[in-house]
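In our numbering, the protein residues as written are 7 to 302.
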Ligand SMILES: NC(=O)c1ccc[n+]([C@@H]2O[C@H](COP(=O)([O-])OP(=O)(O)OC[C@H]3O[C@@H](n4cnc5c(N)ncnc54)[C@H](OP(=O)(O)O)[C@@H]3O)[C@@H](O)[C@H]2O)c1
């Protein structure tokens with residue numbers, strides 16, 4: 007990329023990265039990733055692509071044809087893309103969902119950086135190693151699946167999955183248990199209370215508390231958690247959810263969703279370009295974009 011004054015201009019040798027999803031206009035990734043690429047002085051651009059579920063196959067074929075170096079994959083294509091890539095990294099294979107594709111000279115490899123993004127956030131920001139920990143995840147959707155499998159292969163003590171629809175919690179817990187040999191149990195969200203005193207790490211993966219429903223939260227009495235428990239919320243808008251406010255008021259350490267969002271993007275950049283991503287720049291851009299959205 008060539009700089010004309012303050013402008014960065016594309017040239018014939020500018021590399022292309024991007025994200026596919028439906029919808030895509032709300033994605034924070036273009037702002038976050040382009041800021042990172044600029045800070046690193048790399049001749050790459052990161053582009054949002056609106057791809058309907060009818061055109062996933064063509065989009066992935068197009069990635070090869072156009073020489074797009076890397077793609078992030080967001081809702082609803084994380085499962086569908088697996089049919090069109092050449093190889094899947096083992097944890098992504100266990101999860102059954104891919105959010106990052108690397109184009110290695112026409113050979114496409116799929117990864118799940120949501121999973122390792124959460125793990126890095128837990129270790130680096132909450133200073134908590136999951137090994138030996140008793141973990142409870144609220145929700146049994148796509149993120150619970152990614153985080154659950156990643157933690158299940160991280161030598162944890164056991165995993166409880168609590169969900170509004172109990173049958174989904176039981177199905178996910180059984181699947182994780184069978185594939186990883188981790189001790190798991192699936193329960194209804196209304197049964198959560200009795201598991202709180204034996205939880206070291208509590209993770210919300212439901213949208214409860216997310217903008218605009220900022221006054222909602224999962225049914226958690228934070229006073230029932232051990233004093234050393236850490237409370238995590240993967241919702242990042244707002245940065246501090248009602249659940250995290252209540253946990254902090256009980257004196258518990260908390261982990262907001264911003265870190266997972268930034269680290270999943272950083273992990274993708276590491277895979278594609280073998281660089282050390284500027285985490286502080288990426289966090290600052292996400293904070294700024296969320297502030298802008300609050301105003302609009
Ligand atoms: N920080 C990050 O990087 C990051 C990454 C991905 C997602 N997220 C956030 O994570 C959240 C979930 O994403 P997802 O992709 O996992 O969604 P998903 O696949 O749609 O799963 C949503 C889960 O939440 C439960 N749920 C939904 N509404 C609920 C309610 N009113 N009360 C109780 N439970 C409810 C659903 O339960 P049922 O099975 O009963 O429907 C389901 O288990 C979103 O807010 C998203 O923004 C953050």
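Ideal Cβ positions, reconstructed from N, Cα and C, are used throughout, including at glycine.
- Leaving aside the five residues that flank residue 207 on each side, the residues in its chain whose CB is nearer than 6 Å to its CB run, in chain order, 139, 141 and 236.
- Between the beta-carbon of residue 115 and that of residue 92 there is about 7 Å, and that keeps the pair under the 8 Å contact cut.
- For residue 134, the Cβ stays outside the 7 Å cut-off from all heavy atoms of ligand 1.
- Every alpha helix (DSSP H) of 4 residues or more that sits fully in the segment 162 to 245 is shown, in chain order, as 172 to 186.
- Taken through DSSP and simplified to helix, strand or coil, residue 119 comes out as helix.
- Beta-bridge partners of residue 108 (DSSP): 76 and 115.
- With fewer than 16 other beta carbons inside 10 angstroms of its own, residue 67 counts as exposed.
- Following the DSSP letters along the chain, one finds residue 151 inside the alpha helix (DSSP H) bounded by residues 148 to 158.
- Sixteen is the threshold: since fewer than 16 other Cβ atoms of the shown chains lie within 10 Å of the Cβ of residue 282, the residue is exposed.
- In this structure the segment 106 to 122 does not lie against the segment 182 to 193, because fewer than three pairs of beta carbons, one per stretch, are closer than 8 Å.
- Taking 8 Å as the upper bound for CB-CB distance, residue 52 and residue 20 are not in contact here, some 11 Å apart.
- Per DSSP, the unbroken beta strand (DSSP E) holding residue 23 starts and ends at 21 to 27.
- Residue environment for residue 294: exposed (fewer than 16 other C-beta atoms within 10 angstroms of its C-beta).
- Remark: the C-beta of residue 169 is in contact range of ligand 1, defined as less than 7 Å to any heavy atom.
- Judged by DSSP secondary structure, residue 294 falls within the alpha helix (DSSP H) whose first and last residues are 285 to 301.
- In terms of CA proximity to residue 247, 226 leads the group 230, 226, 234 and 233.
- At a cut-off of 7 Å, the beta-carbon of residue 240 counts as near ligand 1: some heavy atom of the ligand is closer than that.
- In this structure, DSSP gives residue 81 a state outside helix and strand, which the three-state scheme calls coil.
- Ligand 1 never approaches residue 260 closely enough for any of its heavy atoms to be under 7 Å from the residue's Cβ.
- The DSSP-derived three-state label of residue 60 is helix.
- Residue 124 places its beta carbon 8 Å or farther from that of residue 161.
- DSSP, read as helix, strand or coil, puts residue 125 in helix.
- Distance from residue 72 to residue 144 at the Cβ level is roughly 40 Å; contact not present, criterion being Cβ atoms closer than 8 Å.
- When 22, 17, 15 and 288 are compared, the shortest CA-CA separation from residue 279 is found for 22.
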